[in-house]
Each structure stands twice: as structure tokens, then as C-alpha cells.
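Undergrad:
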Amino acid sequence: KNQVEQSPQSLIILEGKNCTLQCNYTVSPFSNLRWYKQDTGRGPVSLTIMTFSENTKSNGRYTATLDADTKQSSLHITASQLSDSASYICVVREFGNEKLTFGTGTRLTIIP
Amino acid sequence: DTEVTQTPKHLVMGMTNKKSLKCEQHMGHRAMYWYKQKAKKPPELMFVYSYEKLSINESVPSRFSPECPNSSLLNLHLHALQPEDSALYLCASSPLGTGVQETQYFGPGTRLLVL
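Respectively, the protein sequence lines represent chains A and B.
So in the numbering used here, spot 58 of the first sequence is number 58, and the numbers just go up one at a time.
So the mapping is simple: the numbering used here equals the position in the second sequence, first residue as 1, plus 1000.
1) Between T65 (chain A) and chain B, is there a C-beta pair that is closer than 8 Å?
2) Can you name the residues that DSSP bridges to T48 (chain A)?
3) For N18 (chain A), which residues from the same chain have a beta carbon less than 8 Å from its beta carbon, with the 5 sequence-adjacent residues on both sides left out?
4) What's the gap between the Cα of L1076 (chain B) and the Cα of W1034 (chain B)?
5) Determine the chain A residues that contact R1111 (chain B) at a beta-carbon separation under 9 Å, and present them in chain order.
6) Among residues of its own chain, excluding the 5 on either side of P1043 (chain B), which ones have a beta-carbon nearer than 6 Å to its beta-carbon?
7) For P44 (chain A), go through chain B and note every residue whose CB falls closer than 7 Å to its CB, in chain order.
8) Please list the partners that P1083 (chain B) has in chain A, where partner means a Cβ-to-Cβ separation under 8 Å.
9) With I49 (chain A) and I110 (chain A) assumed to form a contact (beta carbons below 8 Å), what rounded beta-carbon distance in angstroms separates them?
10) My assumption, with CB atoms under 8 Å, is that A1092 (chain B) sits in contact with G1107 (chain B). Please give the rounded CB distance.
11) With three or more C-beta pairs closer than 8 Å as the rule, is the stretch 56-74 of chain A touching the stretch 28-36 of chain A?
12) Going by C-alpha distance, which of B:T1007, B:M1015, B:E1003 is nearest L1113 (chain B)?
13) Using a Cβ cut-off of 8 Å (strictly closer), state whether K1 (chain A) contacts chain E.
14) Please report how far the alpha carbon of A68 (chain A) lies from the alpha carbon of T1103 (chain B), in whole angstroms.
15) Quick one: measure Cβ to Cβ for R93 (chain A) and L100 (chain A), integer angstroms, because I've assumed they're closer than 8 Å.
16) In this structure, does DSSP put Q83 (chain A) in helix, strand or coil?
17) Which residues does DSSP pair with D67 (chain A) in a beta bridge?
18) Provide the residue span of the beta strand (DSSP E) that contains Y25 (chain A), from first to last.
19) If you measure from the beta carbon of L1054 (chain B) to each beta carbon in chain A, is any gap under 8 Å?
20) For L1096 (chain B), I'd like the list of residues in its chain whose CB is within less than 8 Å of its CB, leaving aside the five on either flank, ordered along the chain.
21) Just tell me which of B:R1063, B:T1005, B:N1057 has its CA closest to the CA of L1078 (chain B).
22) So with CB distances below 7 Å, who are the chain A contacts of A1031 (chain B)?
23) Below 8 Å between beta carbons: does that hold for N2 (chain A) and V27 (chain A)?
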């Protein structure tokens, strides 16, 4: 069964600090992996999408990495801001399939 | 226009009511999705429409009835819901195909409360 596991479940950091969120998956065959940011009560917003051949991709203060061999991804947030407080969801797509496998998310809280 | 819109934003309904959720996109996407999300849980897929035809139904109870009138619109008709159906209902769309860069774009969701 395809699974996506994220850690930590929740994280609290001071404004201005960096943090890294982890995602491990078992989805196979692999198509792509996306990181979404979801504010409470709102729809998920895509931050990055990574394919098999990509190791690193940045979007502003967000940098995602992918190791397709170990089936691991990370999302690094630099110089955190209060607006970064949200749930971050790792989502993996199986090749040739419309369905996505969602991780349970990491709840990030930035405190001033 | 890279936006998926959903109406209403909030909905409160009784167990005997009939209501509909609406979703619209104008990105030319040919796949549209309904998800249900409970608090602190990831979204759960309910239905997928491909080229306006229902391609996936994740064993959703018949009190939820999807409809895709055209390639830009997706409805979810609700009837005789239960309190446990209270959740955030998300609509998403994506270009259809096996492109590895394909992304699902999510709407803001409808917060549903069943009394």
C-alpha cells in the first residue's frame, strides 16, 4: 500500500529561525512529489513539485530536496516568518495514476 | 487565471436538507476532483472526473452525488447528510495526462456543518 509519512507532526520555532520538514514515501512507481502549504480552513497551495530527476528545487525561502533512491524528501524554510504558520503536506503521485497519496502533514507554528 | 473557485465558503444544513456545493475553474483542465478533509487530517479523495466523465468513486455514500455539467464546472449535491459529514470539502483540478510536472490546483474549500 502506498504511504507517505511526515515528521515531525508539529513544530514550534522562533520567527527568523530556519527549519526542515521530512517526508518518507513508499509510492511506486514514482511520478512526482509536491509540497503544499495549507492554512487552517483553506485549500492547499502548491509550493514545489519535484520529479525523479530533480534533487533540489527552490521557491523563495522554501527549498525542497528529493532523494529518489531512499524515497525521502525534505522542505527547508529559511528565515521563518509569522505567515509561515500552517500545515505543510507532502503529496506523492504514482506514475500513470490520477490519485495522490497525502502525508498527514506537519503543523508548523512560528512564534514572535 | 490559475484559480479554482468554490461556493459557498460556509454552509450549515440540517439532516433533511438538500444543498449543492459548486466548483469552477477556467484553466482548461480536464480533470476535476472532490476531496473531504476532517480537522488535522489530510484530504481524502471522493470523486474524480476526467473529460466530464466520472472516472473514480472512492466508495462514497450515495448521499453525496457529484455532477460535472461541463469542463469548467463541478457540483456536489448533498442530501440526507449525517453530522459526521461535517468537514472541509475541497475541489481541485489538473491538466489530464501523465505529465510528471502535473499539479492539482485546489480551491479554498467549503466548510460544511451538518446539524
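Glycine included, C-beta positions come from ideal geometry on N, C-alpha and C.
Keep in mind the model is a prediction, meaning the values are calculated, not measured.
TA: This is what the structure holds:
1) T65 (chain A) does not count as touching chain B.
2) DSSP output for T48 (chain A) lists A:W35 as bridge partner(s).
3) Annotation for N18 (chain A): H76, I77, T78, A79, S80 place their beta carbon closer than 8 Å to its own, counting only its chain and skipping 5 residues before and after.
4) 8 Å
5) G41
6) Only residues of its own chain outside the window of five on either side were considered, and among them Y1035, Q1037, L1090 have a CB closer than 6 Å to the CB of P1043 (chain B), listed in chain order.
7) F1106
8) Within chain A, no residue comes near P1083 (chain B); the closest Cβ sits about 19 Å away, beyond 8 Å.
9) Not really, about 24 Å apart at Cβ, beyond 8 Å.
10) About 7 Å separates the beta carbon of A1092 (chain B) from that of G1107 (chain B), a gap short enough to meet the 8 Å contact definition.
11) yes
12) B:M1015
13) Going by chain labels, chain E is absent from the structure shown, which instead holds the protein chains A and B.
14) 19 Å
15) 5 Å
16) This sequence places Ser at residue 83 (chain A); Gln is not what is there. Residue state, collapsed to three classes: helix.
17) A:Q72
18) 19-25
19) no
20) Only H1029, R1030, A1031, S1050, Y1051 meet the Cβ criterion.
21) B:R1063
22) Under the 7 Å cutoff, chain A gives E98.
23) yes
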